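Each protein sequence line maps, in turn, to chains A and B.
Sequential numbering from 1292 applies to the first sequence in my numbering.
Sequential numbering from 181 applies to the second sequence in my numbering.
All residues carry an ideal CB built from backbone N, CA and C; glycine is no exception.
Nothing here was measured: the structure is a model prediction, and the numbers come from that model.
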Amino acid sequence: MKVVVLAKYVPEPTATWAFEADHTLARESVEGRLSELDEYAVEQAVRLKEAGAADEVVVLTVGPAKAVDALRKALAMGADRAVHVSDEAIAGSDALGTSRVLAAAADKEGFDLVLTGMASTDAEMSVMPSMVAARLGLPQATFAGALSVEGGTATISRDLDTATTEVTVTLPAVISLTDQTDEARYPAFKAIMMAKKKPVETRSLADLGIAAGDVGLEAAGTSVLSIAPAPQRQAGTIITDEGDAATQLADFLAARGFLR
Amino acid sequence: MNTLRLVVGLLMTVVMLGLAGRRLLYLYRVGGAGQPVEPGRLGAVGTAIRAELVEVVAQRKLLRWTAPGLAHAAVFWGFCVLLLTVLEAFGSLFDPTFSLPVIGQFPVLGFVEDLFALLCILAVVAFVVIRVREAPRDQGRRSRFFGSHLGPAWFVLFMIFNVVWTLLLTRGAQINAQEVNTTDNLPFLRGAFLSQAIASLLAPLGQDVNEVIETVALLVGLGVLLGFTVFVTYSKHLHILLSLPNVALARRPSALGALLPVSSGGREVDFEDPGEEDLLGVGNVEEFTWKGLLDFGTCTECGRCQSQCPAWNTGKPLSPKLLIMGLRDHALAKAPYLLAAEQERDGLSDDARAVASVPLVGDTGYAGDPLAAYAPLGPGGVIDPDVLWSCTTCGACVEQCPVDIEHVDHIVDMRRYQVLMEGAFPDEAGAMLNNLEHAADPWGRGASQRLAWAEPLDFEVRVLGADGGDRIPDDVEWLFWVGCAGALDDQAQRTTRAVATLLHEAGVEFMVLGEAESCTGDPARRMGNEFLFQMLARQNVQTLDDAGATKIVVTCAHCFNTIANEYPQVGGSYEVVHHSMLLGRLLAEKRLVPVSRVDRDVTYHDPCYLGRHNRIFAPPRELLGAVPGLRLAEMPRAKERAFCCGAGGARMFMDETLGTRINENRAAEAIATGAQTIAAACPFCITMLSDGVSTLRPDDAPVEVTDIAEVLLRAVRPDLDDVSPPPQAARP
Ligand SMILES: Cc1cc2nc3c(=O)[nH]c(=O)nc-3n(C[C@H](O)[C@H](O)[C@H](O)COP(=O)(O)OP(=O)(O)OC[C@H]3O[C@@H](n4cnc5c(N)ncnc54)[C@H](O)[C@@H]3O)c2cc1C
Ligand code: SF4
Ligand code: SF4
Chain A
1292 MKVVVLAKYV PEPTATWAFE ADHTLARESV EGRLSELDEY AVEQAVRLKE
1342 AGAADEVVVL TVGPAKAVDA LRKALAMGAD RAVHVSDEAI AGSDALGTSR
1392 VLAAAADKEG FDLVLTGMAS TDAEMSVMPS MVAARLGLPQ ATFAGALSVE
1442 GGTATISRDL DTATTEVTVT LPAVISLTDQ TDEARYPAFK AIMMAKKKPV
1492 ETRSLADLGI AAGDVGLEAA GTSVLSIAPA PQRQAGTIIT DEGDAATQLA
1542 DFLAARGFLR
Chain B
181 MNTLRLVVGL LMTVVMLGLA GRRLLYLYRV GGAGQPVEPG RLGAVGTAIR
231 AELVEVVAQR KLLRWTAPGL AHAAVFWGFC VLLLTVLEAF GSLFDPTFSL
281 PVIGQFPVLG FVEDLFALLC ILAVVAFVVI RVREAPRDQG RRSRFFGSHL
331 GPAWFVLFMI FNVVWTLLLT RGAQINAQEV NTTDNLPFLR GAFLSQAIAS
381 LLAPLGQDVN EVIETVALLV GLGVLLGFTV FVTYSKHLHI LLSLPNVALA
431 RRPSALGALL PVSSGGREVD FEDPGEEDLL GVGNVEEFTW KGLLDFGTCT
481 ECGRCQSQCP AWNTGKPLSP KLLIMGLRDH ALAKAPYLLA AEQERDGLSD
531 DARAVASVPL VGDTGYAGDP LAAYAPLGPG GVIDPDVLWS CTTCGACVEQ
581 CPVDIEHVDH IVDMRRYQVL MEGAFPDEAG AMLNNLEHAA DPWGRGASQR
631 LAWAEPLDFE VRVLGADGGD RIPDDVEWLF WVGCAGALDD QAQRTTRAVA
681 TLLHEAGVEF MVLGEAESCT GDPARRMGNE FLFQMLARQN VQTLDDAGAT
731 KIVVTCAHCF NTIANEYPQV GGSYEVVHHS MLLGRLLAEK RLVPVSRVDR
781 DVTYHDPCYL GRHNRIFAPP RELLGAVPGL RLAEMPRAKE RAFCCGAGGA
831 RMFMDETLGT RINENRAAEA IATGAQTIAA ACPFCITMLS DGVSTLRPDD
881 APVEVTDIAE VLLRAVRPDL DDVSPPPQAA RP
């Protein structure tokens, strides 16, 4: 079985981000990394390989030249090969454009199973797994807290607020994994050194048969009008119970329109 | 008869010394299987000689434990002096009236020899008392001898006793045989009061009988001594021989403070471009340096280290003594394999090959039995991972070891292999390493949070680069290295504010790096992740050098140790002081003046990385002493013997699931002094002790845990609310 992991190169979440005039991220201004949430997908793929269920794990990313750092990290964690789709024309793509590139690249690579994270840590839309599955015409199982693969099917458990559901899909399929799957490994230095020797193929839009005008900022169906930093969180109110805590609490809620 | 005793004596000597020599040669070859020592280990002859004088001749570390120290010193000096009697005994094999040249005829020689013989016997008695009182059978884990080889230890005492009494008997009989009192043949024996007493007892038997007794006692004595020598080469008593080179080759001033960089084949490993064959840490016993193997062979199993180890004292399987013994036993078991040529190895016995493939660190399945966590013959591992990861690198073992064994270095070397080569370490620590890598602090908060601590202050803290310049301006004297805890941890922020306020109060111009600061790399390095340490350290050195930093003040004991002692290894040398030292100077210069009384009972906890690792014991105490009204009470375990808080060695970022909790053990000791304030001088200690205090006495009389700087600030600026502590220990 061949597993393709979609892994995104994202700006360091704890760093301060800067933006270009066209509202895209100023990539040079901030360190990037393999999205922390995608590490769980890489981890599960590598475990499938270690358990003998998969024979090859390929990581796939769509991103700028530096995104190769994210691929190296995934290779150090145990993936076998990496595919890097990089093209000036992709810059500024929206979710529709990105999913188009990802689906084409995964299709070209060939797979039995596509694993993704539950959301990227930058744009956090959580739509990519569904979009990619739709474009490929494959079943999807999303937000898996646990995954098992047997024969030609994959079973996930999906934690909802009040219940856990089990979902089984026939392969090939697209599955997104949450951070409830087990801890992702911290690669040993030896593995990091060995990852430097693993193959990373670079693909352009032309390689995937996508016209430059179909993706990118210009082709995006949505546009960003302005960007503002989220307001600082204010310190909460602490009510000390001196007999009237319930009244104070009710007043607090009422003042904010939660009670009438 | 004289010929007979000469022949028998010489024959014994040749056979026994031959046996001992063969064994020593073998051990020498085993040692040779180790790696070359790292750069800078050899060659400091002056320091080595000084160390021999202080550590061996003057028995410095041993004498810190008064009773056993004196007893050991008596035996050590006793045997040095008795070497003279042994020479005399050998001499009298050839010539019954032999005496040492020059000094041989001085009565004072006889007196000194007998005096030390007596002291030796008294010491043996003392050792017997100590061993009976501290018997592991009664004391269990509390005994420092728990897990030591007890039989051989008793045998050694018995042999020492035998050596001494046979020598005395020989000399007594010799006096009678020579009729020394009348013929003056051996005038030196006149001062030999014990020998004289024995002679008086034996005198009635007559000269002939005494001659026989002399010969028999002499031969028995030599036999005992030679047998003892052979025994020594096969036992833990090898320290008699090995402690000399081991002390000479030990790290000086001690194997504390800085860790050594990763070396392979005697060269430092370049992490930016490591060689294909480079060994990263120690994964097999022969990957220790030969000095490491010498350490293992030198251990006397005295258990001083074990008695002080915070891990051992809280019921964890780690004992530095058992660790060293386990590695030694494994090295010896693996020796046939190591010494065999490559092509001969297949021909070795199954057992020999099986031992050779036992991993150094692996699951022993010890199930709570600490002795089972060490399995020199395998099969799972020589030491259990629980042993390796329990160490806080507090250095108490290194501090105590009378033969200068370097436990912490060996532990970290094994951790290095686990982390760098195997990626094997306690899961929880992975988050910390990831955070260091991505956010440059252990909690993953990120650079943007690094100045939040300064917001409540009513004066401006100067930040590098804030006014456009990228170098520290000339009017700034000190760079204040805030540290990750100091910048990001609530309680440590209070310390940071207190120190900043005091510096401001004293008119000291200082600056902070703000977002440009990252973790020094201490927890990564002590976990064994040298790669990450090197990255962080080089980056920080670059930042400091670019800023033109020369004088740095820190509030964290770990930052202090790393910047002061380890950054020179990556090319960064600065004058680094701990805030206790700088504030002390400002007090002395009257730039800080305590105006208000702080009427409190205070005890001071020595952070390992300030105290033992850097010998900064006095400045924090002097600072507290300068606060009017304050009453300082010492804990029983203080200064060199201070008990760890449990945070060091990256333990801060691992779960403590084995045994009882180290921080609670220490907090209980601090509370028992009756102190209302537990003062420390390291943010990690403060977190640990606060947690300990709040678990131990959730609602009892308040005991606060705080930094010495906060205590001082209360005396200097009693008007400030922000930095005065809450009445309760900080954490609920
Ligand atoms: C500054 C900024 C402006 C943006 N403007 C727009 C806009 O105008 N319109 C719009 O629709 N979107 C916009 N985006 C979102 C951007 O297009 C998305 O980042 C991208 O489409 C992927 O979606 P996501 O990051 O939300 O992925 P999610 O759907 O949250 O990701 C789920 C999973 O999909 C996989 N994945 C996602 N992206 C990649 C990738 N590049 N390579 C490999 N695997 C991947 C990963 O496994 C990931 O865990 C903007 C983002 C930023 C930061
Ligand atoms: S450094 Fe401290 S914790 Fe580690 S073995 Fe030595 S005494 Fe024990
Ligand atoms: S390591 Fe040192 S202190 Fe510990 S038992 Fe051996 S000789 Fe004694």
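If I follow the unbroken alpha helix (DSSP H) through I310(B), where does it start and stop?
DSSP places I310(B) in the uninterrupted alpha helix (DSSP H) bounded by P287 to R313.
Is H785(B) near ligand 2, in the sense that its beta carbon is under 7 Å from a heavy atom of that ligand?
no
By how many angstroms is the C-alpha of G545(B) removed from the C-alpha of V538(B)?
Straight-line Cα distance between these residues: approximately 14 Å.
Assuming A889(B) contacts T700(B) under a Cβ cut-off of 8 Å, what Cβ separation, rounded to an integer in Å, is found between them?
With a Cβ gap of about 20 Å, A889(B) and T700(B) do not count as contacting.
Beta-carbon proximity list for G1369(A), same chain, < 6 Å, skipping 5 on both sides
Closer than 6 Å at Cβ, skipping near neighbours: V1337.
Give the DSSP-derived three-state secondary structure of T363(B) in the structure shown.
Because the pLDDT at T363(B) is just 47, under 50, the model does not fix this residue reliably, and the point stays unresolved.
Taking the straight line between their C-alpha atoms, what separation do you get for V611(B) and Q671(B)?
The residue you asked about is not Val; residue 611(B) is Ala in the sequence shown. Distance between A611(B) and Q671(B), taken at the CA atoms: about 22 Å.
Check each candidate in A534(B), I591(B) and P582(B) and name the one with the smallest Cα separation from G560(B).
From the listed residues A534(B), I591(B) and P582(B), the smallest Cα separation to G560(B) is found for A534(B).
Whole-angstrom distance between W245(B) and C485(B), CA atom to CA atom:
Cα atoms of C485(B) and W245(B): separation of roughly 12 Å, rounded to the nearest angstrom.
Answer yes or no: do G463(B) and E218(B) have a C-beta to C-beta separation smaller than 8 Å?
no
Compare the C-alpha of G327(B) against each of L382(B), D549(B) and N342(B) and name the closest.
D549(B)
Below 8 Å on the Cβ atoms is my contact criterion, and I expect A1475(A) with A1367(A) to pass it. Report the Cβ-Cβ distance as a whole number of Å.
Rounded, the Cβ-Cβ distance is 11 Å, inconsistent with contact.
Go ahead and label M1416(A) buried or exposed: buried means 16 or more other beta carbons lie within 10 angstroms of its beta carbon, across all protein chains shown.
exposed
Test: A1541(A) CB closer than 8 Å to a CB of chain B
no
Where the beta strand (DSSP E) containing F690(B) begins and where it ends:
F690 to V692
Are any of the Cβ atoms in chain A nearer than 8 Å to that of P454(B)?
Interface with chain A (8 Å Cβ-Cβ cutoff): P454(B) is included.
Starting from the Cα of A1432(A), find the closest Cα among A1414(A), T1456(A), D1413(A) and P1520(A) and give me that residue.
Here the closest residue by C-alpha is T1456(A).
Along chain A, in chain order, which residues have C-beta atoms closer than 9 Å to that of F325(B)?
Result: empty, since nearest Cβ-Cβ is about 39 Å, beyond 9 Å.
Does K1340(A) come within less than 8 Å of chain B when only Cβ atoms are used?
no
Starting from L659(B), follow its DSSP beta bridges and name the residues at the other end.
The partner list for L659(B) (beta bridge, DSSP) reads M691(B) and I732(B).
When a residue counts only if its C-beta is closer than 5 Å to some heavy atom of ligand 1, which residues count, in chain order?
Listed by chain position, these are L1297(A), K1299(A), L1316(A), D1329(A), T1352(A), V1353(A), D1385(A), A1386(A), T1389(A), T1407(A), G1408(A), A1410(A), S1411(A), D1413(A), A1414(A), M1416(A), S1417(A), V1418(A), M1419(A), T1513(A) and V1515(A).
If R821(B) sits next to G575(B), beta carbons under 8 Å apart, how far is it from one beta carbon to the other, in whole angstroms?
Going by Cβ atoms, the distance from R821(B) to G575(B) rounds to 11 Å, so no, they are not a contact pair.
Could you give the uninterrupted runs of the alpha helix (DSSP H) lying entirely in the stretch 1453-1540 of chain A, keeping only those of 4 residues or more?
1480-1486 and 1496-1499
For V891(B), the three-state DSSP class (helix, strand or coil)
Reduced to three states, the DSSP call for V891(B) is helix.
Give a yes or no on whether the C-beta atoms belonging to M1292(A) and D1346(A) are separated by under 8 Å.
yes
Out of curiosity, what's the CA-to-CA distance linking C824(B) and W661(B)?
24 Å
Cβ of K1481(A) within 8 Å of any chain B Cβ:
yes
Beta-ladder partner(s) of Y914(B), from DSSP
As shown, chain B starts at 181 and ends at 912. That puts residue 914(B) outside it, with no answer to give.
Return the CA-CA distance between L1404(A) and T1446(A), expressed in angstroms with no decimal places.
12 Å
Could you check whether the Cβ of T1453(A) sits closer than 8 Å to any Cβ belonging to chain B?
Not one chain B Cβ lies under 8 Å of T1453(A).
Chain B within 8 Å of R1551(A), Cβ atoms only
no
Strictly under 8 Å for the Cβ-Cβ distance: is P1478(A) near chain B by that measure?
Yes, P1478(A) counts as interfacial toward chain B.
Cβ-heavy atom distance between C479(B) and ligand 4 below 7 Å?
Ligands in the displayed structure: ligand 1, ligand 2 and ligand 3; ligand 4 is not one of them.
Opposite W517(B) in the DSSP bridges: which residues?
The amino acid at residue 517(B) is misidentified as Trp; the sequence shows Tyr. Y517(B) pairs with nothing; no bridge assigned.
Residues of the stretch 599-622 of chain B with Cβ closer than 7 Å to any Cβ of chain A, in chain order:
When C-beta distances to chain A are compared with 7 Å, the residues of the stretch 599-622 of chain B below that value are V599, L600, M601, E602, G603, D607, G610, L613, N614, H618 and A619, in chain order.
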